[in-house]
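Asker: Residue numbers (the numbering used here): 3 to 407. One structure follows; several queries about it will come next.
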């Protein structure tokens, strides 16, 4: 009987997610806010709380985070990451300063303490690579000159995750300074080792994993990723970081094949993850934090626009391209929820989950709008502020008559 209820509930969740995804695609929207709302509807204090399938959904959500980071790692080669780090690190520092500090400041002003401040700083800092990539494709801007600048900022954020996630994991676990330092040292050492091996022996690693049979390739890559993620978590390093490093280590045809095979699984389990986060957020807890979430969303939308503008200006992009770059970076999504989920699971601050949910819902909807309209609005505003030039006086007949010698 229990298994039957589990199958009915989980089947209903998957079917509902599919219908929500189709609805969002019809209006060219990101499905993330709809998935979060679905979780709110069926979670604590929702319309129809789930029971039997919650543990199963939790496991699926954990796999979703692992696949999100694996697919992110597959997007880049180790050489690309090292090159981006050397060339664009000033943009990454500006991005961190402008967008992480507002989150930390709000957490401290609300009296949540330093651990919650570090978590909320990450929530407001990291843009949504998935939403931004989709928006750029929908707007036909993939080939624009400012697009490499946008991608560079996103790559630097992804690299920072490899350092940031172990820190957050150690903080929310309440480990001491010594244990936290050891965890960070292990994470940095593992990241450095993987980058070194990927640069020097990436082809050999890919050749070992490679297979002409899609089934074998899928099983080997998925099994290796989950195994490494589990080992990383056992060492008190984030499982997501382990998955990200596996993705970086794979390159060439193996990475392309794995990306194609794993994309549907990533989308499925990522959707389950968003629902799971919503399940653990009581809808009645959102209204009290809605005003801080809205204010934080407005401030960090402006700081992201400033980040993109500065980074594009540094790369020599035209003024219109700078505004487009800034507007494209506004969306927050999957990684903000991943970071907030760590704190929610550890019970750090009850209001942190609702605030993060409201914050992401606002910016995942606002992001595509700022990507589309920031540049036209900025151009209109610049023209309006230009001083009006006096019209030339009409030429009279006397003025047009030839002057006598």
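Ideal Cβ placement from N, Cα and C applies to all residues, glycine included.
Taking 8 Å as the limit between beta carbons, can you name the residues of its chain near residue 91, skipping five residues before and five after?
Answerer: Reading the chain shown from its first residue, position 89 is the one you call residue 91. Correct list, in chain order: 158.
Asker: Is residue 61 buried or exposed, if buried means 16 or more other CB atoms sit within 10 Å of its CB?
Answerer: Here residue 61 is taken as the residue at index 59 of the chain shown, counted from 1. Exposed is the call here.
Asker: Do the CB positions of residue 258 and residue 132 come within less than 8 Å of each other?
Answerer: Numbered from its first residue, the chain shown carries residue 258 at position 256. Numbered from its first residue, the chain shown carries residue 132 at position 130. No, the pair does not count as a contact, with Cβ atoms beyond the cut-off.
Asker: Tell me whether residue 383 is buried or exposed, calling it buried when 16 or more other Cβ atoms sit within 10 Å of its Cβ.
Answerer: Residue numbering aside, residue 383 sits at position 381 when the chain shown is read from its first letter. Under this definition residue 383 is an exposed residue.
Asker: Going by CA-CA distance only, name the one from 34, 65, 23 and 12 that's closest to residue 231.
Answerer: Walking along the chain shown from the start, residue 231 turns up at place 229. The shortest Cα separation from residue 231 among 34, 65, 23 and 12 belongs to 65.
Asker: So is residue 22 in contact with chain B if we call contact Cβ pairs under 8 Å?
Answerer: The structure shown contains no chain B, having only a single protein chain.
Asker: Can you find the residues in the same chain that come closer than 6 Å, C-beta to C-beta, to residue 245, ignoring five residues on each side of it along the sequence?
Answerer: Residue numbering aside, residue 245 sits at position 243 when the chain shown is read from its first letter. Hits under 6 Å: 68, 71, 72, 227 and 231.
Asker: Looking at the unbroken alpha helix (DSSP H) that takes in residue 236, where does it start and where does it end?
Answerer: Taking the first residue of the chain shown as position 1, residue 236 is located at position 234. Start and end: 216 to 236.
Asker: Looking at the secondary structure, which residues open and close the alpha helix (DSSP H) in which residue 336 lies?
Answerer: The count along the chain shown starts at 1 and reaches residue 336 at position 334. It spans 336 to 348 - the alpha helix (DSSP H) in which residue 336 sits, taken as one unbroken run.
Asker: Whose C-alpha, out of 379, 290 and 316, is nearest the C-alpha of residue 112?
Answerer: Residue mapping note: residue 112 aligns to position 110 of the chain shown, counting from 1. For the options 379, 290 and 316, the alpha carbon positioned closest to that of residue 112 is the one of 290.
Asker: Just mark residue 19 as buried or exposed, buried being the case when its beta carbon has 16 or more other beta carbons within 10 Å.
Answerer: Position 17 of the chain shown, counted from the start, is the residue given in the question as residue 19. The residue is buried, with at least 16 neighbouring Cβ atoms inside 10 Å.
Asker: What residue range does the alpha helix (DSSP H) around residue 279 cover?
Answerer: Looking up residue 279 in the chain shown gives position 277. 254 to 281 is the span of the alpha helix (DSSP H), which, as asked, contains residue 279.
Asker: Residue 302 and residue 101 look like a contact to me (Cβ under 8 Å); what is the Cβ gap, rounded to whole Å?
Answerer: Indexing the chain shown from 1 puts residue 302 at position 300. Indexing the chain shown from 1 puts residue 101 at position 99. Rounded, the Cβ-Cβ distance is 6 Å, consistent with contact.
Asker: Thinking C-beta only, is residue 363 closer than 8 Å to residue 35?
Answerer: In the chain shown, residue 35 corresponds to position 33, counting from 1. In the chain shown, residue 363 corresponds to position 361, counting from 1. Yes, Cβ-Cβ distance for residue 35 and residue 363 is below 8 Å.
Asker: So which of 123, 145 and 160 has the shortest CA-CA distance to residue 77?
Answerer: Residue numbering aside, residue 77 sits at position 75 when the chain shown is read from its first letter. It is 160.
Asker: Would you report the Cα separation of residue 183 and residue 236, rounded to the nearest angstrom?
Answerer: Here residue 183 corresponds to residue number 181 of the chain shown, with the count starting at 1. Here residue 236 corresponds to residue number 234 of the chain shown, with the count starting at 1. Whole-angstrom Cα-Cα distance: 16 Å.
Asker: For residue 278, count neighbouring C-beta atoms within 10 Å of its own C-beta (all shown protein chains included) and say buried if the count is 16 or more, exposed if not.
Answerer: Position 276 of the chain shown holds residue 278. Flag for residue 278 reads buried.
Asker: Just to confirm, is the Cβ distance from residue 342 to residue 108 under 8 Å?
Answerer: What you label residue 342 is simply residue 340 of the chain shown in a count that begins at 1. What you label residue 108 is simply residue 106 of the chain shown in a count that begins at 1. Result no, Cβ atoms of residue 342 and residue 108 do not sit closer than 8 Å.
Asker: Classify residue 13 as buried or exposed, calling it buried when 16 or more other Cβ atoms lie within 10 Å of its own Cβ.
Answerer: Taking the chain shown and counting its residues from 1, one reaches residue 13 at position 11. Classification of residue 13: exposed, given that the 10 Å Cβ count is below 16.
Asker: Under 8 Å by Cβ, that's how I've got residue 359 and residue 328 pegged, so tell me the actual separation to the nearest angstrom.
Answerer: Taking the chain shown and counting its residues from 1, one reaches residue 359 at position 357. Taking the chain shown and counting its residues from 1, one reaches residue 328 at position 326. Not quite, the Cβ-Cβ distance comes to about 25 Å (not below 8 Å), so this is no contact.
Asker: Taking the alpha carbon of residue 94 as the point to measure from, which residue in 43, 152 and 208 has its own alpha carbon closest?
Answerer: Taking the chain shown and counting its residues from 1, one reaches residue 94 at position 92. It is 152 whose Cα lies nearest to the Cα of residue 94.
Asker: Determine the DSSP secondary structure at residue 101, reduced to helix, strand or coil.
Answerer: In the chain shown, residue 101 corresponds to position 99, counting from 1. If DSSP states are grouped into helix, strand and coil, residue 101 belongs with the helices.
Asker: Cutting at 7 Å between CB atoms, please list the residues of its own chain near residue 271, excluding the five before and the five after it.
Answerer: Here residue 271 refers to the residue found at position 269 of the chain shown. Excluding sequence neighbours, residue 271 sits near 62, 65, 66 and 69.
Asker: Can you give the beta carbon distance from residue 304 to residue 129, rounded, assuming they're within the 8 Å contact cut?
Answerer: Residue numbering aside, residue 304 sits at position 302 when the chain shown is read from its first letter. Residue numbering aside, residue 129 sits at position 127 when the chain shown is read from its first letter. In fact, because the Cβ distance is near 14 Å, the residues do not count as touching under 8 Å.
Asker: For the alpha helix (DSSP H) that residue 382 lies in, which residues bound it at each end?
Answerer: Here residue 382 corresponds to residue number 380 of the chain shown, with the count starting at 1. Per DSSP, residue 382 belongs to the alpha helix (DSSP H) from 354 to 387.
Asker: Beta carbon of residue 37, beta carbon of residue 22: below 8 Å?
Answerer: Reading the chain shown from its first residue, position 35 is the one you call residue 37. Reading the chain shown from its first residue, position 20 is the one you call residue 22. With a cutoff of 8 Å on beta-carbon distance, residue 37 and residue 22 are scored as near each other.
Asker: List in chain order: all unbroken alpha helix (DSSP H) runs of 4+ residues lying wholly within the segment 12 to 75.
Answerer: Counting whole runs of 4 or more residues, the segment 12 to 75 contains the alpha helix (DSSP H) stretches 34 to 44.
Asker: Could you round the C-beta distance between residue 345 and residue 175 to whole angstroms and report it? I think they count as a contact, below 8 Å.
Answerer: For the purposes of this step, residue 345 is taken as the residue at position 343 of the chain shown. For the purposes of this step, residue 175 is taken as the residue at position 173 of the chain shown. Actually they are not in contact, since the Cβ atoms of residue 345 and residue 175 sit about 11 Å apart, beyond 8 Å.
Asker: With residue 333 as the anchor, note down where its alpha helix (DSSP H) starts and where it stops.
Answerer: Within the chain shown, the letter at position 331 stands for residue 333. It is not in any alpha helix (DSSP H) - residue 333 carries neither H nor E in the DSSP assignment.
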